[in-house]
Amino acid sequence: MKLQDTLSNQEKELETTPKVRIYLCGVTVYDESHIGHARTIIVFDVLRKYLESKNIEVNFIQNFTDVDDKIINRAKLENVSAEQISTKYIEHYFSDFDGLNVKRATNYPKATEHIQDILDFIQKLIEKEIAYVSKNGVYFSVSKFPEYGKLSKKHIDELQSGARIEVDEAKKDPLDFAVWKFSDIEPTWDSPWGKGRPGWHIECSAMSIKYLGGNFDIHGGGRDLIFPHHENEIAQSESFTENQFAKIWMHVGMVTISGEKMSKSLGNIKSIKYVLENWGPNIIRLFCLSGHYSKPIDYSEELLKENLIKWRQVETAYYELVHAIGANSSENVPEMAQKSSKDFDDALEDDFNTHLALSAFFTLVKETNRLAAENHLGEIESKTIMPELQRMLDILGLNIPKVLPEQKQDIDKMIQDRETLRKEKQFSEADKIRDNLNEMNVELIDHKGKTIWMKKEQIKADL
């Protein structure tokens, strides 16, 4: 697999032996997660599921920033502790992402549980004279890391001229950034230099190296984290280890609303809770994967509706395969299924192009529905196509609604009763049964000589 590395601006081969080590910058837990968070995390969820489908072991680490000024301000506003705020929104996070069918990370380290690791990290930087103690805290000396700016492609002189606008006398250089902030406002921890709390950037450096070691395979996050967060992580970490921090930097494009960045001031933030309630997990996942991961994607109800139509086609194809009997096709179905499967994998192997992978997936869906409509979909064809379709569904994290055995018996009985009524020309009574099935989210598909049923996902926006 080749992935575009933000640092080198080149495609790099992902080393998959003995395992793939991934660190993804998680959320700061002071508010509800939104569709922008969902896109980044779903992209990495599918990357992980694809690698694991190839029997590649993945050590996937995603942190929680659970100490931050935003958390403290929220706690003050609600008159509760910072820990209560972070605990609440971590619970909401898991509820949201479990609902989106995201596989849980190998570990979810929290900054507050790794204070000693952070202190040890800072101490080593001080001993190397790369960090220094000032009246406000401990700062990283950017001038001691000559490669600063290499990830964001920002020249240090350009950054310095911008930084001089806001002069901080506690810093030796305007570009220097805090790794430890002195404070008496809780939460605080004791340190050799004074009571306070860690800076944002140092948390990820300390936790990623603790769980994955230096020079791990992929460091991921949203494109908005390239500067200053990831730039500062590189400076700290490579100063600490004197080695390359991460082999590949993989950044996911933002989700915009009508071309604008989501923000509270504009009132255009779409929470995961909102989109899940209205559209369900499958439509959201299809939306998040519909463009190349590195490019921005614009949220719109129209695009979600387009994905809903496509998802209904997937449900139809799946149940056509489930109910396939008898008929045999003269077409080369194995060749068609294998080509779709190969195209799917090739797209993901080439800079994780989920847009092209979905194209291959929907080609298989379309061909399945065509075969069914032409009465060329039998048991042999189903046994060929279903494993490939299910494999793609699993990798994409898409779930077809399941039907319990007792529900299946009830549905089959209702369909038999409807067929009897139709033969007796009692069409209005037969239509009542169809209506009752529709209320159960069961749709009937009438073919020549048979009727099959499909269980549809209930989607509020489709009602």
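Going by the working numbering, the letters in the sequence shown line up with residues 2 to 464, in that order. Built from N, CA and C at the ideal position, the CB exists for glycine as well.
With a contact defined as Cβ atoms closer than 8 Å, E84 and P188 qualify at about 7 Å.
In the DSSP assignment, V134 is bridged to V139. A Cβ-Cβ separation of about 7 Å places F141 in contact with I131 under the 8 Å criterion. In its chain, beyond the 5 residues on either side, A338, S342 have a beta carbon closer than 6 Å to the beta carbon of E389. In the displayed model, A179 falls within a strand according to three-state DSSP. Out of L290, Q161, D169, the CA that lies nearest to the CA of L101 is found in L290. In this structure, DSSP gives F353 a state outside helix and strand, which the three-state scheme calls coil. Non-local beta-carbon contacts of A431 in its own chain, meaning distances under 6 Å to residues more than five positions away in sequence, involve R419, L422, R423 in chain order. The secondary-structure analysis by DSSP pairs V443 across a beta bridge with K456. Taking the Cα positions, I386 is about 49 Å away from I203.
Spanning the alpha carbons of L8 and Y24 requires a straight line of approximately 16 Å. I249 places its beta carbon less than 8 Å from that of I219. Relative to S206, the option among D463, A247, K426, E170 whose CA is nearest is A247. Listed in chain order, the beta strand (DSSP E) elements of length 3 or more contained wholly in the region 240-270 are 247-253, 256-258. DSSP, reduced to helix, strand and coil, places P402 outside both helices and strands of the structure shown, so it counts as coil.
Going by DSSP, E316 is part of the alpha helix (DSSP H) stretching over 302-323. Remark: three or more beta-carbon pairs, one from each stretch, lie closer than 8 Å, so the region 84-97 and the region 28-35 are flagged as touching. In this structure E79 touches I86 by the C-beta definition: roughly 7 Å separates them, less than 8 Å.
Two segments are said to touch when three or more pairs of C-beta atoms, one from each, lie closer than 8 Å; by this definition the region 180-194 touches the region 121-138. Below 8 Å, enough C-beta pairs join the region 358-371 and the region 305-322 to call them touching: three or more.
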